[in-house]
Ligand SMILES: Nc1ncnc2c1ncn2[C@@H]1O[C@H](COP(=O)(O)OP(=O)(O)OP(=O)(O)O)[C@@H](O)[C@H]1O
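Numbering (the UniProt record's numbering), first residue to last: 1 to 620.
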């Protein structure tokens, strides 16, 4: 094992301590990326075209180019975050093709658009990430210390205890959110750090400060590999970059040293490029941006790319890329990958912390906060409570009245009791659809597995549903003097509610957006209402529709409630028929009906998990 890699550093000049790992060389050769045009499915876009280069440890590499030139695409391809399109060419981390689990665990990626949990404070957001991404062997004090350090480094102290907020409920500023986003990537001490527009939305002073912090990660013992897309850096930020990649329409037009060397290259190799006037008012970054943007608009991208492809610089870069041993950075040169690096590269577990820990952390930070939020509790409790009060007052004391004329009233109430929690499924859709970008980012960051996320969300909702259903069932059952076991009356409600939750999750995971989910779920549940067996008896349904009633979870809930209420009561319906016989429910066991409901719950839970895992909505 390479001692350099296992050493815990304590250099006081290090801004983030202790880092146990070093950066890793990232190479890419003839990298191309094609994707179907979302606006015109027949067209294939060539967003990256034969891009070759490397990102060295201990160096900050800038990825520049006009808007739409493919910077984020290259970053996404390298970080394994593309969910659509096809990639050709080679990517190697320390000489090996990276696995998705390695990328999740050992790279950090601060995306261009912030994906934060809006009801957490800045400190909580960072602690939440630290607890999910740092090993459980690290003490909470160490994690807290690390978070405090990052807060100080990113000048987040004044807002550390402020809620992040969202567009509707203002919290921290855009710049503070950006820095929190960067903090999330830093909290885990990644070996490679990808930053997409780390300074966008920041004033020049803060952006310089942020870039200084990031630069320090490449220095001293950390030697982190850093690649940042950058639009219009300040002169100070620009000077911090060691290497520069410039893309024009997905082609590489420059890869080499940043700063004066870049200017020399453009002035000497390319025709019609104005000289850079070195005076106090001129910013080299701005000069490069102007030249490349103009070339892009004048249709000179290919000419620039061809010039680079034929240049001496390109040959030298290729030589360096092929000649250097590929591996971990060591003493200014690249050495063969150590055993520790190889172990990391072959890691099979996509998350650092075990599932139980992740569930506990998700419940602690995300769900714990929800319970105190009226916007969360309101739609889950108050509407149902109001309906229960309505039911109680409407049916006060008549649940034990078995007069033939009252039997239909009781059956109708039990029907409503069975179907209403199914309709509640709609309540659970937004939480999954609206936090999809956050879920995708956190999954890509290796914070948790799909099953962990789903289980934590479900536990939260089941808890609310459990407490609610216990209260609601008491409010309706006892004052209305319903018969049979209260336990079943309550369980049937809670089971249907639980099925509603997983049904909501399944529809949310399958739907591309909230509109589709909101339209499809009521349509589906609405269709089930006809097939419960109450509005139309199952035996009166046309033969070709009867199958649908057997696949209807509401039917089992209502059936169980009916048997519970009427079994052994000899309740004679109008026309002289026993009511359970009339509805063909006389030979059924109420607990077997509940077991069927439970089977629906399990089936829909697995379907939700599969949909969340395999159904891709972002064509990133
Ligand atoms: N599936 C797609 N269908 C159509 N266009 C796409 C698709 N994916 C990416 N693009 C386009 O590819 C181009 C490159 O996108 P990319 O985000 O990499 O650019 P960028 O250089 O990072 O731009 P910016 O600096 O504005 O963030 C953009 O014009 C983008 O709209």
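Using N, Cα and C, we set each Cβ at its ideal position, and we do this for glycine too.
Given the structure is predicted, the values throughout are model-derived calculations rather than measurements.
Check: residue i C-beta below 7 Å from any heavy atom of ligand 1
| i | result |
| --- | --- |
| residue 229 | yes |
| residue 532 | no |
| residue 71 | yes |
| residue 49 | no |
| residue 67 | yes |
| residue 39 | yes |
| residue 31 | no |
| residue 45 | yes |
| residue 35 | yes |
| residue 112 | yes |
| residue 84 | yes |
Reference residue i; option with closest CA among the options
| i | options | result |
| --- | --- | --- |
| residue 106 | 423, 194, 264, 558 | 194 |
| residue 293 | 246, 464, 271 | 246 |
| residue 548 | 480, 525, 295, 470 | 525 |
| residue 399 | 233, 462, 569 | 569 |
| residue 85 | 109, 99, 373, 43 | 43 |
| residue 454 | 261, 571, 249, 366 | 366 |
| residue 451 | 50, 427, 495, 351 | 351 |
| residue 262 | 314, 531, 414 | 314 |
| residue 208 | 153, 116, 185, 358 | 153 |
| residue 122 | 102, 159, 88 | 159 |
| residue 269 | 342, 312, 320, 233 | 312 |
| residue 114 | 396, 201, 589, 507 | 201 |
| residue 260 | 271, 235, 368 | 235 |
| residue 384 | 578, 470, 98 | 470 |
| residue 415 | 532, 35, 124, 304 | 532 |
| residue 319 | 527, 52, 441 | 52 |
| residue 80 | 60, 56, 108 | 108 |
| residue 59 | 23, 440, 541 | 23 |
| residue 344 | 61, 90, 100 | 100 |
Same chain only: Cβ atoms within 8 Å of residue i, ignoring 5 sequence neighbours per side
| i | result |
| --- | --- |
| residue 187 | 126, 129, 130, 133, 134, 146, 147, 150 |
| residue 602 | none |
| residue 363 | 456, 459, 460 |
| residue 282 | 276 |
| residue 613 | 450 |
| residue 529 | 419, 535, 554 |
| residue 286 | 232 |
Beta-carbon contacts of residue i that lie in its chain and below 6 Å, excluding the five residues immediately before and after
| i | result |
| --- | --- |
| residue 331 | Summary for residue 331: the model assigns pLDDT 49, below 50, so the residue's position carries little reliability; its value from the coordinates is reported in the next sentence. Around residue 331: no qualifying Cβ. |
| residue 211 | 237, 240 |
| residue 500 | 421, 422, 424, 425 |
| residue 184 | 129 |
| residue 616 | 83 |
| residue 504 | 425, 428, 429 |
Burial state of residue i, where buried means 16 or more other Cβ atoms lie within 10 Å
| i | result |
| --- | --- |
| residue 70 | buried |
| residue 482 | buried |
| residue 605 | buried |
| residue 168 | exposed |
| residue 538 | buried |
| residue 545 | exposed |
| residue 157 | exposed |
| residue 251 | buried |
| residue 327 | The pLDDT assigned to residue 327 is 46, lower than 50, so where the model puts this residue is not dependable, and the model offers no usable value. |
| residue 609 | buried |
| residue 595 | exposed |
| residue 445 | buried |
| residue 591 | exposed |
| residue 611 | buried |
| residue 372 | exposed |
| residue 290 | exposed |
Same chain only: Cβ atoms within 7 Å of residue i, ignoring 5 sequence neighbours per side
| i | result |
| --- | --- |
| residue 275 | 267 |
| residue 430 | 514 |
| residue 68 | none |
| residue 166 | 118 |
| residue 75 | 63, 194, 196, 227, 229 |
| residue 600 | 499, 553 |
| residue 308 | 252, 253, 254, 314 |
Residue i at chain B interface by Cβ criterion, 8 Å
| i | result |
| --- | --- |
| residue 489 | You won't find chain B in this structure, because it holds only one protein chain. |
| field | alpha helix (DSSP H) segments (min. 4 residues) lying fully within the region 365-440 | value | 374-394, 404-423, 429-434
| field | Contained alpha helix (DSSP H) runs [length at least 4] in the region 433-518, N- to C-terminal order | value | The region 433-518 contains these whole alpha helix (DSSP H) runs: 436-444, 450-477, 486-510.
| request: Jot down the residue ranges of each uninterrupted beta strand (DSSP E) in the region 30-104, minimum 3 residues, whole runs only, in chain order. | output: 44-55, 59-64, 86-93
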